[in-house]
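Heads up, the sequence shown is in the numbering used here, so the first residue is 9 and it goes up one at a time.
Even glycine gets a Cβ: it sits at the ideal position worked out from N, Cα and C.
Data first, discussion second: the structure below is written as structure tokens.
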Amino acid sequence: MKYLPIRKPPNHPTNMLSISQIPTTPLGPVNVAWTANGVVAIEIGGDQETFAAQIGQRLGDVPTFVETGAPRTQVEEYLTGQRTMFDLDIDWALCTPFQRQVLEHQLAIPYGETRTYGQLAAQIGKPQAARAVGRAGATNPIPLIIPCHRVLGADGSLRGYGAPGGVQTKAWLLALENRT
Numbered sequence: 009m010k011y012l013p014i015r016k017p018p019n020h021p022t023n024m025l026s027i028s029q030i031p032t033t034p035l036g037p038v039n040v041a042w043t044a045n046g047v048v049a050i051e052i053g054g055d056q057e058t059f060a061a062q063i064g065q066r067l068g069d070v071p072t073f074v075e076t077g078a079p080r081t082q083v084e085e086y087l088t089g090q091r092t093m094f095d096l097d098i099d100w101a102l103c104t105p106f107q108r109q110v111l112e113h114q115l116a117i118p119y120g121e122t123r124t125y126g127q128l129a130a131q132i133g134k135p136q137a138a139r140a141v142g143r144a145g146a147t148n149p150i151p152l153i154i155p156c157h158r159v160l161g162a163d164g165s166l167r168g169y170g171a172p173g174g175v176q177t178k179a180w181l182l183a184l185e186n187r188t
């Protein structure tokens, strides 16, 4: 996942950024970042130091590396089929207002179910905005917890996925949810 530099979000706490890596998962290493406000970013298949530097720069914060924490534990449980719901707050600092609107609707898609980009566009009151909804999902800074993998093309086909492995990763996540 590539991040563009942005200004520090207003009213964002400083010196509260925690970073943890789950080094071994079926998808490769998974990096998780959270603040006092909640989970702010997840990266599948990336380098922990690079991820920490990028998120720290975008938030204007200095990351602290930690080995444990509820966000890391819950993501690890999800990836091993032991968790079907997350009990975590979301820090929306890296999202635009439109993206947040779309991602909040993605959060409402139940485990093991899917929706189309068009259905989500209609839910947010913009039925012609399926492509914009897709773009908002493609730049989702918190995949897995915000389940952009549960969104499909109008014909039910898998469309892109921003993590390494692309649609194969998306297919793996959907298969995980269908066998649990």
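If the five residues before and after C156 are omitted, its C-beta is found closer than 7 Å to the C-beta atoms of Q114, G145 and N148, all from its own chain and listed in chain order.
Following the DSSP letters along the chain, one finds Q176 inside the alpha helix (DSSP H) bounded by residues V175 to R187. Boundaries for V83: no beta strand (DSSP E) harbours it, while the alpha helix (DSSP H) harbouring it runs A78 to L87, taken from the DSSP string. By the criterion of a C-beta distance shorter than 7 Å, Q131 is surrounded in its chain by H113, once the five residues flanking it on both sides are discounted. Each residue's CA atom was taken as its position, placing T32 and V38 some 8 Å apart.
Shortest Cα-Cα distance from L67 to any of G120, C103 and S28 involves C103. With contacts defined by Cβ atoms closer than 9 Å, L96 and A116 do not form a contacting pair. For A179, same chain residues with a beta-carbon under 7 Å away, outside a window of 5 residues either side, are L166 in chain order.
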